[in-house]
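Report on one structure; see the data block that follows.
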Ligand code: GUN
């Protein structure tokens, strides 16, 4: 078997086009969706993500702004910025880029965000809403992107066994929350595996869908898969490769070459899940802007 590639670039483009149309409809009502990203310090990878977020939000028709703060910023200073953005009616979505410098507790900052502006879906109110299936909350962008890729490629999760590898608050746990909901895109039986799970392959061999999100190359190899499984690789790892010009290349958590021989569908890295995260962030932001308009105005 040679797996079909799941093209995150194409699907993310489709979402960004849909977001742009919704932004245009809002603009006609005098509302420009505003997304503000707060970047503290000078982590190189974060700086790249943040530039892409700003660029793509502006391309979609939003007001994309980035607030850059020095690595020495105190927690109180960052909380004051969050308070100001919470109170600003032109800001519909706020994203505080992680990781934060060590003097700042990320959970304290996340709890300070107004839940209706938390387009990352990290605030406990949104985490809870996603878990209980309330649709007005914001789901974290990466797992929401994975769910959308599965739907776009006709992968029915209903009654399927999904094995998620990784229990992070950003991917693993919310991924399980989304997939166990009743209805389209859900209805799955979910197993979450993590660093303390003995015999990972015992689980993955029983999976119809494997979602790898641990940040370790080679975590899943072809011999760990059931023939015909769908493989979603959330990992983005930079490894040394002297054959490339930069001396490094990006790989996922899945050994792509062996997995593609057993899987029926697989996401590449890059070009798979990674593209989806920003697209879903933009979608959450346009929804935050739509939800900020009083119902009577929307209907009118
Ligand atoms: N750092 C890596 N991924 C993310 C993300 O999705 N949101 C935020 N805020 N920070 C991140």
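Residue numbers (the numbering used here): 882 to 1181.
All C-beta atoms, glycine included, are put in the ideal place defined by N, C-alpha and C.
The structure presented is a predicted model; accordingly, all values stated were derived computationally and were not measured.
Taking residue i as the reference, give the member of the options with the closest Cα.
i            : options                   : result
residue 1044 : 1122, 1107 and 997        : 1107
residue 925  : 980, 917 and 976          : 980
residue 886  : 1111, 906 and 1124        : 1111
residue 1033 : 939, 891, 999 and 1141    : 891
residue 930  : 888, 902, 976 and 961     : 976
residue 1073 : 935, 1120, 1046 and 1089  : 1046
residue 1092 : 1160, 1000, 1064 and 1054 : 1054
residue 1136 : 1102, 971 and 1087        : 1102
residue 1172 : 884, 907, 1141 and 895    : 907
residue 889  : 1151, 1126 and 1143       : 1151
Buried or exposed: residue i, going by 16 or more other Cβ atoms within 10 Å of its Cβ?
i            : result
residue 952  : exposed
residue 1038 : buried
residue 1114 : buried
residue 1010 : buried
residue 1026 : buried
residue 1007 : buried
residue 1017 : exposed
residue 1013 : exposed
residue 915  : buried
residue 900  : buried
residue 897  : buried
residue 1166 : buried
residue 996  : buried
residue 1181 : With a pLDDT of 46 at residue 1181, under the threshold of 50, the predicted position of this residue should be treated as unreliable, though the coordinate-derived value follows. Classification of residue 1181: exposed, given that the 10 Å Cβ count is below 16.
My assumption, with CB atoms under 8 Å, is that residue i sits in contact with residue j. Please give the rounded CB distance.
i            : j            : result
residue 1157 : residue 893  : 5 Å
residue 1098 : residue 1120 : 6 Å
residue 881  : residue 950  : Nothing can be reported for residue 881: it is not among the residues displayed for the chain, which extend from 882 to 1181.
residue 1161 : residue 934  : Residue 1161 to residue 934, Cβ: 12 Å. No contact.
residue 998  : residue 1176 : Actually they are not in contact, since the Cβ atoms of residue 998 and residue 1176 sit about 19 Å apart, beyond 8 Å.
Helix or strand or just coil, what does DSSP make of residue i?
i            : result
residue 933  : helix
residue 1010 : helix
residue 963  : helix
residue 1037 : coil
residue 1065 : coil
residue 989  : helix
residue 973  : coil
residue 1118 : strand
residue 1070 : strand
residue 981  : coil
residue 1159 : helix
residue 1042 : strand
residue 1166 : helix
residue 1141 : helix
residue 1093 : strand
residue 940  : helix
residue 911  : coil
residue 1103 : helix
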